[in-house]
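**Student:** All the letters of the sequence shown, read from the start, carry residue numbers 0 to 62 under numbering that gives the first Met the number 0.
My structure is below; once you've seen it, I'll send some questions.
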Amino acid sequence: MSQLSTVWVALMELGFLGYLSALFLLIFRGVEPTGRVRRKPAGLFALLAVLSFALWLCGLRRA
């Protein structure tokens, strides 16, 4: 049981770091300095942020 909790804690940390990284990349790669949204990178990083957030919440719930 302890090992299972360790796995979920690791996934929780991975999800949190992935979420922060995806938001950082969304801001700095998905939006041009003029404020124009670059659709392809912004969509990719937004999807990555949602998936990472879901992983983070799942890890929080199971840990």
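Ideal placement from N, C-alpha and C gives every residue a C-beta, glycine not left out.
Just so you know, these numbers come straight off a predicted model, no measurement behind them.
Let me know if S4 comes out buried or exposed under the rule of 16 or more other beta-carbons within 10 Å of its beta-carbon.
**Tutor:** Its Cβ having fewer than 16 others within 10 Å, S4 is exposed.
**Student:** Between E31, S20 and V8, which lies nearest to L50 when the distance is taken from Cα to Cα?
**Tutor:** When only C-alpha atoms are compared, the closest one is S20.
**Student:** Hey, G58 and P40: beta-carbon distance below 7 Å or not?
**Tutor:** No, these two residues do not count as a Cβ contact at 7 Å.
**Student:** What's the C-alpha gap between Y18 and A9?
**Tutor:** Those two C-alpha atoms are separated by around 14 Å.
**Student:** Using DSSP bridges, identify the partner residues of V36.
**Tutor:** V30.
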